[in-house]
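Below is one structure, written out as structure tokens; the observations come after it.
There are 2 protein chains.
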Amino acid sequence: MGVEGYRPPVVIDGCQYANWDREVFEQMRAGGVSCVNATIVYWENTRETLTRIAEWKRHFADNADLIVHAKSAADVHQAIADGRTAVTFALQHCSPIEEEIDLVEILHDLGVRYMQLSYNNQSVLATGWMEAEDPGITRFGREVIAEMNRLGMVIDMSHSAERSTLEAIEISTRPIAVTHANPITWRDTKRNKSDAVMKALGESGGMLGFSLYPHHLAGGSDCTLPAFCQMVAETAELMGVDRIGIGSDLVQKQPDSVVDWMRSGKWTKQTNASLTWPAPTSWFAGNHDLPGIAQGLLDTGFAKSDVDKIMGGNWLRFMESAFEPAG
Amino acid sequence: MGVEGYRPPVVIDGCQYANWDREVFEQMRAGGVSCVNATIVYWENTRETLTRIAEWKRHFADNADLIVHAKSAADVHQAIADGRTAVTFALQHCSPIEEEIDLVEILHDLGVRYMQLSYNNQSVLATGWMEAEDPGITRFGREVIAEMNRLGMVIDMSHSAERSTLEAIEISTRPIAVTHANPITWRDTKRNKSDAVMKALGESGGMLGFSLYPHHLAGGSDCTLPAFCQMVAETAELMGVDRIGIGSDLVQKQPDSVVDWMRSGKWTKQTNASLTWPAPTSWFAGNHDLPGIAQGLLDTGFAKSDVDKIMGGNWLRFMESAFEPAG
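Protein chains in written order, with this note's numbering: chain A, 383 to 709; chain B, 383 to 709.
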């Protein structure tokens, strides 16, 4: 394994969700991946989230030669020095805090470093992109943003709707992230982000991770690497080259039933049993393909120093401040 | 105990929340109360709700001469025949279903017959009256309304905001309830209901329970019985005398700390420790005072047959259909 291509000193992926096993962790090493921000839950409640964290503890114990849990940027630096891949914990929805603000700190203690204020639906904090209406950040949402700001947990608005996202950027006293999305002008789905959101995100010191999930790509599974890299170049113009990174939304080894889980959770009796995973692009099917993207960015005309930023340097610099408790 | 006044054949209170004990149950009998719809939780999650239900099982076992759990209108009729007070279970918020639609049926199996789609804040189903914005019923909200319609669990919008309430009336295929509120034109708080809501509620076959909580009364704790009864008469004109009842929101024996619990739940670190219960009116401090209200309605000019409807007949007729599973 290990695709040809430029190998940046730091490679960080802002969003992945695999049926994690040793082979996946080996692919991380083959790809020279410094850090993966791992989705640990979608719709799980508190108790279920603890089980997901416990499963990760087993992964770390069983694969200590390959991966290590990171709670700080210093942990990521250490992982790089040790030749291991750091794994940060992310929640795609706020269900793990179960309407209890003190659980934000409990989950932070356990190593959670990113939380989406909503997944696709209206949450108690913010609105998801699939709702018809978006009233913005709720009363509880304002409290949770303040608490995440205090602790150094990153607010992620990847699946949130437009107004909620803009308000989160405005209300948060610290930069936020959209860990996995692309410009809506490139692939027209409300799941992607408007120029207004991306500009506000960039101006506030936030980060956008570019998604490689086919439903977020122009042309879907047929999207080419040059087309993807051209989109990155245009977004760099809009947001600044310091505000962008990779957030591949890579899914590996998950059965098709997980698509239904992501879509339907526990909130509807209408299942989508016919849903399947989209085929990956020919040039990105796993962590081992990340060097190929670095090479594609070079080929598109990015300076090597900018490729280094986009492939991981920006995420690492972001983590260096974002994971620190409020001063 | 037992205040002077007309004693209707059926007396039903659509909302109470006491620190329940035998003395309170004795007051129910003294007041000739046929049925009380008891709030069993405000912000509790699933597991905590099971404990609240278990506590009620102890109340029923220890006070079997006074009270009995009612899951159907037939149970209420039987309680009346037996000289006991029937108790129905109500949730003031949807937190007990924890974003899991199948838990609606689980809670229904355990005897829950009313659920508010939101308390004061934005919920995953609908919007509470204290939010600045009200986007209406959410995607999940539509699913839960259909499930409650199927099972025969009553949708209660007492604490919900205007648009959400109107949409719930529209989306629900069965009549809904506002178990405890008054007209906003009488006491100007967004917690009370507009003419538009009350008309839509009445026209759809729903029920409004008049609140006796001082914050919902014109003049607060100084509100007079004739003023209250005059408001009832005017609302009867608006909604129809078949669509109104009592939903006193009576709170007994709760410490002031419970006001903070109702207001802050677990969703904010800002406590309201200085909040206290408002003093009750001179004419309504407990179940034993309900006959006095019946007398007040007679004195205001209501026919005895209409007083019987308002004091309990309407709620009983509503339950006869609303608690049945969908045909």
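Beta carbons: idealized from backbone N, C-alpha and C, even for Gly.
Distance CB(residue i)-CB(residue j) smaller than 7 Å
i, j, result
"residue 657 (chain B)", "residue 641 (chain B)", "yes"
"residue 560 (chain A)", "residue 539 (chain A)", "yes"
"residue 413 (chain B)", "residue 669 (chain B)", "yes"
"residue 504 (chain B)", "residue 520 (chain A)", "yes"
"residue 551 (chain B)", "residue 593 (chain B)", "no"
"residue 647 (chain B)", "residue 438 (chain B)", "no"
"residue 341 (chain B)", "residue 563 (chain B)", "This structure gives no information on residue 341 (chain B), because the portion of chain B shown stretches from 383 to 709."
"residue 626 (chain B)", "residue 395 (chain B)", "no"
"residue 423 (chain A)", "residue 434 (chain A)", "yes"
Whole-angstrom distance between residue j and residue i, CA atom to CA atom
i, j, result
"residue 490 (chain A)", "residue 595 (chain A)", "28 Å"
"residue 428 (chain A)", "residue 600 (chain B)", "43 Å"
"residue 569 (chain A)", "residue 479 (chain A)", "33 Å"
"residue 589 (chain A)", "residue 634 (chain B)", "52 Å"
"residue 617 (chain B)", "residue 467 (chain B)", "28 Å"
"residue 701 (chain A)", "residue 432 (chain B)", "41 Å"
"residue 453 (chain A)", "residue 496 (chain A)", "11 Å"
"residue 653 (chain B)", "residue 477 (chain A)", "23 Å"
"residue 417 (chain B)", "residue 401 (chain B)", "17 Å"
"residue 421 (chain A)", "residue 607 (chain B)", "59 Å"
"residue 526 (chain A)", "residue 591 (chain B)", "35 Å"
"residue 674 (chain A)", "residue 410 (chain A)", "14 Å"
"residue 430 (chain B)", "residue 440 (chain B)", "16 Å"
"residue 637 (chain B)", "residue 565 (chain B)", "28 Å"
"residue 500 (chain A)", "residue 684 (chain B)", "51 Å"
"residue 383 (chain A)", "residue 448 (chain A)", "The predicted model places residue 383 (chain A) with a pLDDT of 40, which falls under 50 and marks its position as unreliable; any figure quoted below should be read in that light. Computed Cα separation, rounded: 15 Å."
"residue 567 (chain B)", "residue 655 (chain B)", "31 Å"
"residue 603 (chain B)", "residue 488 (chain B)", "39 Å"
"residue 393 (chain A)", "residue 649 (chain B)", "37 Å"
"residue 522 (chain B)", "residue 482 (chain B)", "9 Å"
"residue 398 (chain B)", "residue 549 (chain B)", "26 Å"
"residue 651 (chain A)", "residue 388 (chain B)", "49 Å"
"residue 631 (chain A)", "residue 545 (chain B)", "36 Å"
"residue 620 (chain B)", "residue 543 (chain B)", "20 Å"
"residue 442 (chain B)", "residue 709 (chain A)", "54 Å"
"residue 462 (chain A)", "residue 659 (chain B)", "59 Å"
"residue 492 (chain A)", "residue 537 (chain A)", "17 Å"
"residue 624 (chain B)", "residue 498 (chain B)", "22 Å"
"residue 667 (chain B)", "residue 577 (chain B)", "28 Å"
Chain-order list of residues whose beta-carbon lies under 6 Å from that of residue i (same chain, five-residue window excluded)
i, result
"residue 445 (chain B)", "404 and 407"
"residue 699 (chain B)", "none"
"residue 645 (chain B)", "654"
"residue 470 (chain B)", "419, 452 and 495"
"residue 605 (chain B)", "599 and 663"
Burial state of residue i, where buried means 16 or more other Cβ atoms lie within 10 Å
i, result
"residue 517 (chain A)", "buried"
"residue 677 (chain A)", "buried"
"residue 703 (chain B)", "exposed"
"residue 436 (chain B)", "exposed"
"residue 584 (chain B)", "buried"
"residue 484 (chain A)", "exposed"
"residue 456 (chain A)", "exposed"
"residue 529 (chain A)", "buried"
"residue 514 (chain B)", "exposed"
Same chain, Cβ closer than 7 Å to residue i, five either side skipped, listed in chain order
i, result
"residue 502 (chain A)", "510, 511, 512 and 541"
"residue 390 (chain B)", "676, 689, 690, 693 and 694"
"residue 682 (chain A)", "608, 611, 612 and 615"
"residue 547 (chain A)", "539 and 579"
"residue 665 (chain B)", "607, 671 and 674"
"residue 486 (chain B)", "479, 526, 529, 530, 533 and 535"
"residue 686 (chain B)", "680"
"residue 643 (chain A)", "424"
Supposed close pair residue i, residue j - CB separation, criterion 8 Å
i, j, result
"residue 494 (chain A)", "residue 507 (chain A)", "Contact flag wrong, Cβ pair sits at about 15 Å."
"residue 707 (chain B)", "residue 532 (chain B)", "7 Å"
"residue 672 (chain B)", "residue 415 (chain B)", "6 Å"
"residue 598 (chain A)", "residue 555 (chain A)", "Between residue 555 (chain A) and residue 598 (chain A) the Cβ distance is about 29 Å, and since that is not below 8 Å, they are no contact."
"residue 553 (chain B)", "residue 524 (chain B)", "6 Å"
Cβ of residue i within 7 Å of any chain D Cβ
i, result
"residue 525 (chain A)", "Among the chains of the structure shown, chain D does not appear; the protein chains present are A and B."
Contacts around residue i, its chain only, beta-carbon distance under 8 Å, and the 5 residues preceding and following it disregarded
i, result
"residue 386 (chain A)", "673, 674 and 677"
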